[in-house]
Structure formats: C-alpha cells, structure tokens
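Listed below in structure tokens is the structure:
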C-alpha cells in the first residue's frame, strides 16, 4: 500500500497529520507545523490512487464522497489507527489523515490539571470539552471515558463521527455507534440511546438545539453526558448553547435547565513547546458551583471570567493562569503565551508582574 509508506514515515517523525493534494508535496504536521515529507509532487492520478486504496470497495463511503464532496472514516493502516478525510478541491481529490494513538492515553499523561480526573467520578450531569480543531478534545474525552471504563461497572454508549479510539475491555460495557453507519445522525442516535439503558453517554458534537435539549433532558434524568463544542473560551460554551434558543421564554427555561445540569467545562489548546520538541496542553476550566449556577440563571455569563480568576479553590482556572504556569516552567515562550491568551495585552501585563 502506497499510503502505508507515508503513514510509517509520518509516524516515525511523530507527526499528527498527513496531507495529500494535487501539485503539492506529501506533507505531514509535526508540532503544529506542516512540513514536506519528500520532494515528490503529487498529480491527480496519485491522489485518486490513494483514495481508492483507502476506501476500497466500500460503496457507502463512495456514495457519501460523490454526494457530499467529502467523506470521513477511520481504519487501520498497518498497525496505526487513522482518521481519514477524503474531499474534493478544484475538481481533484485531496486527503487529510489524522494519526491516532494505538492505545488511549492515560489522563495523567495529557498535562491537564488533576481536577479533570474527577470528571470521571461525576454521577450525572453534562460535561463539555471545548477547543479548536486539532486541540486534543477527542483524546481528552477518550481518556476520561476510559478512566470510567476502568473503575465503574456501567453501560457507556458513544455516538461518534467517526469512531476514533476503541475502548479496551474494562469494568464497563461499552457500545460505540458511528454516525452514518450505525445510526443516521446525532439526534436519532441520542434518542435511541436513551432507550438502551445507558449510564454514560458521549455525544461527539452538539450541533443543534434539539440535540442540546435532549442531552440536557438526559442529564436531568440521571445520566452522565459528555460532549464537545468548538468555542474559544470555557464560559463561551454557555453562550454558544444559549444562542441556540433565541426565543425569550425558551432561553429563560434553558438557562434554568443548563444551570442545574452543567457540571464542568474544559477548554484546551495545544501549544508549541519552547524547545520546539512537541506540544503542550494549556487549559481553562469552569467548575460549576452554586455561584456559577446563579450567574447562568441571571444571564450574567460576562462575570464568569472573574469567577474563574478568583475562585480557584473549587478547581476553576483561566487560560491566562495556565499559560503563566507553563511560561514560568520554561515550557513555552513569552510570545506563545501572548499569542494563545484570551487577551494578548492583558497577558503581557500579567507576565511583567510574574
């Protein structure tokens, strides 16, 4: 397999992603930066051959690619599990391949605060993992769920698009359902899952109001729900959810339901290390307390940042606080801290005081 050659090369260089595109060199992403893998320039036939090799005779994937212009799936290339996206650009095929860890990493290896391990101990409610694409959200979620899998005899159902990590045998019974293969969409999958006696549910992404509403109803009735959102801050996750319910009466009701069922929000970013040897995780955490519940009910989300800044004893922390920690430890540069902060000027001032 031609793809196997490239994936092995990328894996040896500890790359996170591989890209193939017409009139481009094969590229891989190492420590966040794209680099040429060699001097070969790919043509249309090269990319078509790679796509055919990876899709094989799977008619469902071929149909999706033709209908939607792109298709997302996972498969093993050699011994390396990969998430593959094949898509059209300027009339030609291109491929983006994410290399996944062979095993689910332990939470202690991710560089996250100790409070995150306690998310696995929550009995019911909603926990959100937020961040940009490529920030490690899926890995963090898999690590939390695998921690539950190790210690609790519960029924876990995941709804994923596509399935990335495979959970090993543990104390939990785990059923993984893939959107487009095992179930049509998140909404249908979530409604069905609630009839399958679950204790823990993973919703790969909450994309619409109905999915959010069902998820909160599930949390309210005693289930533990994990999901992701693409938001640029921890408190921004609350605004994102409430923005899906613009009607005044509906918004007031959702603020009440969200305040009672949201347990924690983790926002994470992967930053280049100062020595350019790998990346490190920086995080912002909002642990929901009675004070946070009141702020959500009062629609006072703008006060949540100050809460995270001053009430760290409950486990909350701002992104700036974690960036300062990483900078003091010599893990990131001052410029990186400023670049990835919520407010660059505020970050510069904080670094001068530290």
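Numbering (my numbering), first residue to last: 356 to 709.
Positions of the beta carbon are idealized from the N, C-alpha and C atoms, including for glycine.
Check your understanding: Alpha carbon to alpha carbon, what distance is there between residue 661 and residue 432?
Key -> For this step, residue 432 is matched to residue 77 along the chain shown. For this step, residue 661 is matched to residue 306 along the chain shown. Their backbone Cα atoms lie some 47 Å apart in a straight line.
Practice item. Indicate the three-state DSSP secondary structure (helix, strand or coil) for residue 382 in the structure shown. Key: Position 27 of the chain shown, counted from the first residue, corresponds to residue 382. In the structure shown, residue 382 sits in a strand (DSSP, three-state: E or B).
Check your understanding: For residue 478, which option in 484, 500, 466 and 469 has the closest C-alpha, if you only look at C-alpha atoms?
Key -> Counting from one through the chain shown, the residue named residue 478 turns up at place 123. Residue 500 is the option with its Cα nearest to residue 478.
**Study point:** Proximal residues to residue 521 (C-beta, below 8 Å), its chain only, five neighbours per side dropped
**Key:** To locate residue 521, count along the chain shown from 1; it is residue 166. Within the same chain, residue 521 has close Cβ partners 436 and 531.
Review point. Is residue 516 near residue 427, with beta carbons less than 8 Å apart?
Key: As a first step, residue 516 is located in the chain shown; it is residue number 161 there, counting from the start. As a first step, residue 427 is located in the chain shown; it is residue number 72 there, counting from the start. Yes, these two residues count as a Cβ contact at 8 Å.
Exercise for review: Provide the residue(s) that pair with residue 603 in DSSP beta bridges, ordered along the chain.
Suggested key: As a position in the chain shown, residue 603 is number 248, starting the count at 1. Residue 603 is not bridged to any residue.
Exercise for review: Output the distance between the C-alpha atoms of residue 485 and residue 474, rounded to the nearest integer angstrom.
Suggested key: Mapped onto the chain shown, residue 485 falls at position 130. Mapped onto the chain shown, residue 474 falls at position 119. Approximately 14 Å, taken between the alpha carbons.
Review point. Is it true that the stretch 443-463 meets the stretch 397-412, where meeting means three or more beta-carbon pairs spaced less than 8 Å apart?
Key: yes
Practice item. Whole angstroms is fine: what's the gap from residue 637's alpha carbon to residue 645's? Key: The sequence position of residue 637 within the chain shown is 282, counting from 1. The sequence position of residue 645 within the chain shown is 290, counting from 1. Between residue 637 and residue 645, the C-alpha separation is close to 26 Å.
Exercise for review: Alpha carbon to alpha carbon, how far is residue 568 from residue 408? Give it in angstroms, no decimals.
Suggested key: Locating residue 408 in the chain shown gives position 53, counting from the first residue. Locating residue 568 in the chain shown gives position 213, counting from the first residue. In a straight line, the C-alpha of residue 408 is about 41 Å away from that of residue 568.
Exercise for review: Use the C-beta contact count for residue 616: other C-beta atoms within 10 angstroms, 16 or more gives buried, fewer gives exposed.
Suggested key: Looking up residue 616 in the chain shown gives position 261. Under a 10 Å Cβ-count criterion, residue 616 is classified as buried, with 16 or more other Cβ atoms of the shown protein chains found around its own Cβ.
**Study point:** The beta strand (DSSP E) enclosing residue 412, as first and last residue numbers
**Key:** Residue mapping note: residue 412 aligns to position 57 of the chain shown, counting from 1. It is not in any beta strand (DSSP E) - residue 412 carries neither H nor E in the DSSP assignment.
Exercise for review: For the alpha helix (DSSP H) holding residue 538, just list the boundary residues, first then last.
Suggested key: Here residue 538 refers to the residue found at position 183 of the chain shown. Here residue 538 belongs to no alpha helix (DSSP H), and DSSP marks it neither H nor E.
Practice item. Measure the alpha-carbon distance for residue 607 versus residue 642 and round it to whole angstroms. Key: Counted from its first residue, the chain shown places residue 607 at position 252. Counted from its first residue, the chain shown places residue 642 at position 287. Looking at the two C-alpha atoms, the distance is approximately 21 Å.
Practice item. Could you spell out the range, first to last residue, of the alpha helix (DSSP H) harbouring residue 532? Key: Here residue 532 refers to the residue found at position 177 when the chain shown is read from its first residue. That residue, residue 532, is in no alpha helix (DSSP H); its beta strand (DSSP E) goes 528-533.
Point to revise | Close-in-space but distant-in-sequence residues of the same chain around residue 705 (CB under 8 Å, 5 per side omitted) | key: Residue numbering aside, residue 705 sits at position 350 when the chain shown is read from its first letter. Cβ within range, chain order: 675 and 679.
Exercise for review: Figure out for me which residue from 543, 470 and 387 has the closest Cα to the Cα of residue 639.
Suggested key: For the purposes of this step, residue 639 is taken as the residue at position 284 of the chain shown. When only C-alpha atoms are compared, the closest one is 470.
Check your understanding: At what residues does the alpha helix (DSSP H) containing residue 638 begin and finish?
Key -> The residue labelled residue 638 in the question sits at position 283 within the chain shown. Where residue 638 is concerned, there is no enclosing alpha helix (DSSP H), although the beta strand (DSSP E) it sits in stretches over 634-642.
Review point. In or out: residue 553 buried (at least 16 other Cβ within 10 Å) or exposed?
Key: Indexing the chain shown from 1 puts residue 553 at position 198. Counting Cβ neighbours within 10 Å, residue 553 comes out buried, since at least 16 surround it.
Review point. In chain order, what residues of the same chain have a beta carbon less than 8 Å from the beta carbon of residue 366, not counting five sequence neighbours either side?
Key: Within the chain shown, residue 366 is the residue found at index 11, counting from 1. For residue 366, where only same-chain residues beyond five positions count, the Cβ hits under 8 Å are 435 and 454.
Check your understanding: Any idea what DSSP makes of residue 431, helix, strand or coil?
Key -> Residue mapping note: residue 431 aligns to position 76 of the chain shown, counting from 1. Here residue 431 sits in strand by DSSP.
Review point. Using 8 Å as the Cβ pair cut-off and three pairs as the minimum, do the stretch 389-399 and the stretch 458-468 touch?
Key: Here the stretch 389-399 makes no contact with the stretch 458-468; the two share fewer than three CB pairs at distances below 8 Å.
Review point. Can the beta-carbon of residue 659 be found closer than 8 Å to that of residue 563?
Key: The residue labelled residue 659 in the question sits at position 304 within the chain shown. The residue labelled residue 563 in the question sits at position 208 within the chain shown. No; because the gap between Cβ atoms is not below 8 Å, this pair is not in contact.
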